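In our numbering, the protein residues as written are 159 to 527.
Cβ coordinates follow ideal geometry from the N, Cα and C atoms, glycine included.
All figures in this text were calculated on a predicted structure; none of them were measured in a lab.
Working notes for the structure below.
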C-alpha cells in the first residue's frame, strides 16, 4: 500500500499491531497483506498517537530526536514553554511534544518547600490553579499568623506570602494591630437617685499581642462591648444626676481606669475611654432648662444691681467734689449747658445785659459768670 508523508507529518509503522519505526516526508510502500499499517499525524503540538507507550516508541532513535518528553515527579509543579514563551501549567504527570517546528520545554519547580520560592514568577503564578497554593496578603499595620496543619509557624509582617498546599494544610489569620474605636451608643443607666439617663461612651484600643490574642479571644468587639457596658453601669450607677453632670471628666477617668484593669483579659491596650454625651429624659431636661434660666436671670440681676451701686457711688463722689469746689461746679454747669445748646436751634438774647449774665440766669443762678 502506498503512503505519502508530507513535510510536516510523521508516520508510525506497525506490523501486526507492533510498532516498528517512524517514517518522515516521502513516498512509502508497505504491503497490507503482510500486516503492515501506518498511522500518520502532523508533527505539531502534543503527540496525538499514544496507543503505544512512550517507552516503546522511544526505542526508535528518529522518534526520540523528533520529540521532547518529560515526566513530572510527585511534589513538583510543571510549566510548559513554547519557543521560549510560557504558555500553560502542566497538570498531568507526563507530556510528549513534537519538537520539530516548535521548540517545547517543560520546567519544574518543587512544592515540597512549603513557602513558595522566588523561582515562581508572576507569569507562572497566573497559571497555577488556586487549589495548589495559599496566598496571604498582610497590609500596613497588620500582622499575619500562618499555620501548618493548625500549628502556628510564624508571624508575618507587611507583604505578600504564598505557600504550597502539597506538604501541609495551610491556614492563616491576619489581625489589624492599629488602634480602633469602640462606641457604646444610647446606653441606658439608672443613677443613684433613680433617674434613668442614656450615655454615649467612646473608647480607643489596640491589640497588644497577636499570638496571645488569637489563642484567647474569638469575638473581640462583642466581648469588649459587654465589658464596657458593665463598667459604665457599675461606676455611673453610684452617682446622682447632678454629680454626673458636674463630674463628667472625673467619671470618665474612673471608666478608663476600670477598663485598664481588664486589659489582660482581652489581650488589648486601652488608649482612651470617656463619656461623649449624656442624654436626659424629656421631663428632666425641661426642669434643668428651667433651673438654668433661673440661675442666669439671678446672675443678670446681681450684675445689674452691682452696676447700679457703682453708678450711684460715682454720682455721690462727683457731687462731693462739686460741693467742695465751686469752680468745678461751674464747669459742670457749663458742660450741661453745652449739651443743652447742642439740642437747641436758636437762642434769643436781648441787649439789657451781657450774654454771660443772661446765660447764667437761664441756669437759674441769677448771677453773671
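- Per DSSP, the unbroken alpha helix (DSSP H) holding residue 222 starts and ends at 219-224.
- When DSSP states are grouped into helix, strand and coil, residue 380 belongs to the helix group.
- Non-local beta-carbon contacts of residue 425 in its own chain, meaning distances under 7 Å to residues more than five positions away in sequence, involve 365, 366, 367, 370, 371, 374 and 375 in chain order.
- Boundaries for residue 415: no beta strand (DSSP E) harbours it, while the alpha helix (DSSP H) harbouring it runs 406-418, taken from the DSSP string.
- For the set 389, 358 and 328, the Cα lying nearest the Cα of residue 307 is the one of 328.
- Comparing alpha-carbon positions, the option among 382, 287, 184 and 213 lying closest to residue 163 turns out to be 184.
- When DSSP states are grouped into helix, strand and coil, residue 288 belongs to the helix group.
- According to the DSSP assignment, residue 370 belongs to the alpha helix (DSSP H) that extends over 368-374.
- About 6 Å separates the Cβ atoms of residue 324 and residue 233, confirming a contact at the 8 Å cut-off.
- In the structure shown, the three-state DSSP call for residue 278 is coil.
- In this structure, 316 is the residue among 385, 316 and 483 with its C-alpha nearest to the C-alpha of residue 294.
- Counting of Cβ neighbours within 10 angstroms places residue 499 among the exposed residues, the total staying below 16.
- Per DSSP, the beta-bridge partners of residue 332 are 302.
- Here residue 274 is buried. Its C-beta has 16 or more other C-beta atoms within 10 Å.
- Counted as a single uninterrupted DSSP element, the alpha helix (DSSP H) harbouring residue 212 occupies residues 212-215.
- In this model, residue 176 and residue 192 are separated by some 13 Å (Cα to Cα).
- The segment 259-275 makes contact with the segment 230-246: 3 or more CB pairs, one atom from each, lie closer than 8 Å.
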